[in-house]
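Here's the structure we're looking at; comments come further down.
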Amino acid sequence: MDDPAAALKAAEAVIKGAIDNGIYVIVDWHSHNINLDPAGQFFSYIAQKYHGYPNIIYEVFNEPDEESWPDVKAYAEKIIGVIRQYDPKNVILVGCPHWDQDINLPAKDPIKGYQNLMYTLHFYAATHKQALRTRCEQAILQGLPVFISESAGMEASGNGKMDYAAWHKWINFADKHHLSWVVWSISDKDETCSMCYYSARPNCLTYASGFSDSSSEDASSHFCLMSGLVTKPDNFFSPSLRILIAALTSLSC
Numbered sequence: 319m320d321d322p323a324a325a326l327k328a329a330e331a332v333i334k335g336a337i338d339n340g341i342y343v344i345v346d347w348h349s350h351n352i353n354l355d356p357a358g359q360f361f362s363y364i365a366q367k368y369h370g371y372p373n374i375i376y377e378v379f380n381e382p383d384e385e386s387w388p389d390v391k392a393y394a395e396k397i398i399g400v401i402r403q404y405d406p407k408n409v410i411l412v413g414c415p416h417w418d419q420d421i422n423l424p425a426k427d428p429i430k431g432y433q434n435l436m437y438t439l440h441f442y443a444a445t446h447k448q449a450l451r452t453r454c455e456q457a458i459l460q461g462l463p464v465f466i467s468e469s470a471g472m473e474a475s476g477n478g479k480m481d482y483a484a485w486h487k488w489i490n491f492a493d494k495h496h497l498s499w500v501v502w503s504i505s506d507k508d509e510t511c512s513m514c515y516y517s518a519r520p521n522c523l524t525y526a527s528g529f530s531d532s533s534s535e536d537a538s539s540h541f542c543l544m545s546g547l548v549t550k551p552d553n554f555f556s557p558s559l560r561i562l563i564a565a566l567t568s569l570s571c
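Residue numbering for the sequence shown follows the working numbering, starting at 319 and increasing by one per position.
What follows is the structure, encoded as structure tokens:
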């Protein structure tokens with residue numbers, strides 16, 4: 319990591335804001351590669367400091383790419399063990415290979431011995447169609463708890479046109495299966511998936527005019543844009559809390 323101290327400081331600022339405002343926050347190790355030692359140190363620190371807060375959701379590995387499921391599983395088991403030393407209860411999200419597409423693999427070979435684990439699926443509606451929904455549905459029917467921890471309406475690159483029809487198919491699918499979903503991302507980067515116009519910074523979350531077409535479409539699917547919060551209810555969290563639109567506490571390696 320280039321500057322872990324700065325990254326941790328930024329993460330904790332968002333965690334504090336979420337706790338102060340009664341919001342769930344996904345604490346995401348945002349790396350496409352296995353980095354066991356620094357990840358273990360990070361989650362040990364977070365779990366020790368924040369284990370008393372139900373706001374915290376741990377995501378141990380963002381979008382494994384070329385790693386096999388046995389490799390991802392072995393890594394996740396070690397990080398889960400670190401977290402569970404201090405936090406026996408809060409939800410832990412586990413990624414799966416091929417950028418969180420191969421949800422069928424943990425369905426066949428899930429992690430055992432721990433409670434409150436969920437497995438993440440990522441979709442971009444203009445790229446990922448019925449085949450991925452079918453794969454996800456089969457995993458759900460096998461009893462796998464699924465959490466959509468990243469999604470959006472454009473292409474998987476984060477750019478390209480919004481596919482509104484495909485987006486609504488995904489949201490209907492999530493509603494049907496009672497899946498919580500998170501949209502990528504609260505950003506002013508000059509790309510389609512950014513919730514904020516590049517020209518709107520730094521006041522994106524203050525003025526509605528700062529929101530891009532991406533966020534406007536999401537607004538019709540249960541979003542409160544002015545606060546930047548997901549208000550979609552879910553089945554396994556207290557209704558008094560809400561989930562951040564994006565994994566704002568992610569760390570880059």
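Cβ coordinates follow ideal geometry from the N, Cα and C atoms, glycine included.
Own chain partners of Ala-365 with C-beta closer than 6 Å, once the 5 adjacent residues on each side are dropped = Ile-401, Tyr-404 and Asp-405
Taking Lys-426 as the reference, give the member of Asn-490, Val-412 and Gly-461 with the closest Cα.
-> Gly-461
So what does Trp-387 bridge to, in DSSP terms?
-> Note: Trp-387 sits in no beta bridge, so no partner.
Expressed to the nearest angstrom, what Euclidean distance is found between the alpha-carbon atoms of Gly-528 and Val-332?
-> Residue confidence for Gly-528 is low, a pLDDT of 46 falling below 50, so the modelled location carries little weight; the figure read from the coordinates is stated next. So the two alpha carbons sit approximately 21 Å from each other.
Helix, strand or coil for Phe-360 per DSSP?
-> helix
When the Cα atoms are used, what is the spatial distance from Phe-360 to Asn-373?
-> 17 Å
Near Phe-491, what residues of its chain come up, given a Cβ to Cβ distance below 7 Å and the 5 sequence neighbours on each side ignored?
-> Arg-451
Go ahead and label Gly-399 buried or exposed: buried means 16 or more other beta carbons lie within 10 angstroms of its beta carbon, across all protein chains shown.
-> exposed
Are Asp-420 and Thr-438 closer than 8 Å when you measure CB to CB?
-> no
Report buried or exposed for Gly-340, applying the criterion of at least 16 other Cβ atoms within 10 angstroms of its Cβ.
-> exposed
Report the rounded CA-to-CA distance for Gln-433 versus Val-464, giving the unit in angstroms.
-> 14 Å
Check the C-beta distance from Gly-413 over to Glu-455 and give it rounded, since I have them as a contact under 8 Å.
-> Rounded, the Cβ-Cβ distance is 19 Å, inconsistent with contact.
Residue ranges of each beta strand (DSSP E) within the region 451–504, 3 or longer | 464–470
Taking the alpha-carbon positions, what's the Ala-443 to Cys-511 distance?
-> 11 Å
Using the DSSP secondary-structure output, state which residues sit across from Leu-435 in a beta bridge.
-> Ile-410
Asp-355 versus His-416: straight-line alpha-carbon distance, rounded = 23 Å
Hey, out of Ile-466, Asn-353, Ala-329 and Asn-477, whose CA is closest to Phe-576's CA?
-> Shown here, the chain extends from 319 to 571; a query on residue 576 therefore has no answer.
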